[in-house]
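Residue numbers (the working numbering): 21 to 204.
Read the structure below first, then the notes.
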């Protein structure tokens with residue numbers, strides 16, 4: 021019986037020592053990876069690395085490949101930020117499918133397009149800058165998805181527009197006048 025008990029004790033001590041060694045090795049490995057990641061982010065954010073915190077160079081590992089991915093991402097981001105042609109094309113309003121309307125976190129606004137060519141907002145005030153709001157070509161796109169409406173996204177203004185077609189003329193529509201306004 022003492023032989024069995026001593027074997028169990030030896031096994032338990034061996035398992036405990038093995039677990040402690042494994043925990044220490046894993047802790048050291050991931051601690052080093054964390055320090056490398058922090059140093060890389062500091063270099064990225066502040067433009068310079070603190071030389072004291074930088075680990076000693078070693079063989080390439082999985083993190084080294086991620087660093088090269090981050091570097092290529094930085095290059096693409098800088099190229100995008102300096103490429104004015106790409107920025108200009110993004111700022112043009114464009115037609116979207118009705119299902120896409122209100123999908124992203126943009127504001128939504130409903131406009132009315134009258135048969136005499138007047139585009140108004142939801143308060144029935146004429147829109148002054150149609151080209152930069154919804155684009156003139158969108159007003160010729162009724163019937164593309166729906167007969168009486170067109171949906172336009174303006175990324176520059178971060179707004180989705182629903183343009184509803186009204187067969188009446190803007191001048192023929194009765195509007196509520198302000199009772200406090202006096203004619204002079």
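For glycine and all other residues, C-beta sits at the position ideal for the given N, C-alpha and C.
In this text, all values refer to a predicted model and were calculated from it rather than measured experimentally.
In the structure shown, the three-state DSSP call for residue 41 is helix. Ranked by how close their Cα comes to the Cα of residue 169, the residues 127, 154, 47 have 154 in first place. Contact annotation: residue 60 and residue 122 have beta-carbon atoms that are not nearer than 8 Å.
Non-local beta-carbon contacts of residue 156 in its own chain, meaning distances under 7 Å to residues more than five positions away in sequence, involve 150 in chain order. For the beta strand (DSSP E) assignment, the uninterrupted runs of no fewer than 3 residues enclosed by the stretch 107-176 are, from N- to C-terminal side, 114-116, 127-134, 169-174. Across the structure, residue 136 and residue 189 are spaced so that their CA atoms are roughly 5 Å apart. When secondary structure is reduced to three states using DSSP, residue 180 falls in the strand class.
For the pair residue 142 and residue 129, the CB atoms are nearer than the 8 Å cut-off.
One alpha carbon belongs to residue 55, the other to residue 63, and they sit about 12 Å apart. Rounded to whole angstroms, the Cβ separation of residue 182 and residue 131 is 7 Å, and the two are in contact under 8 Å. In the structure shown, residue 192 falls within a helical segment according to DSSP collapsed to helix, strand and coil. Excluding sequence positions up to five before and after residue 185, its CB lies within less than 7 Å of the CB of 133, 162, 168, 169, all in the same chain and listed in chain order. Taking 8 Å as the upper bound for CB-CB distance, residue 178 and residue 126 are in contact here, some 5 Å apart. The Cβ atoms of residue 166 and residue 113 lie no closer than 8 Å to each other.
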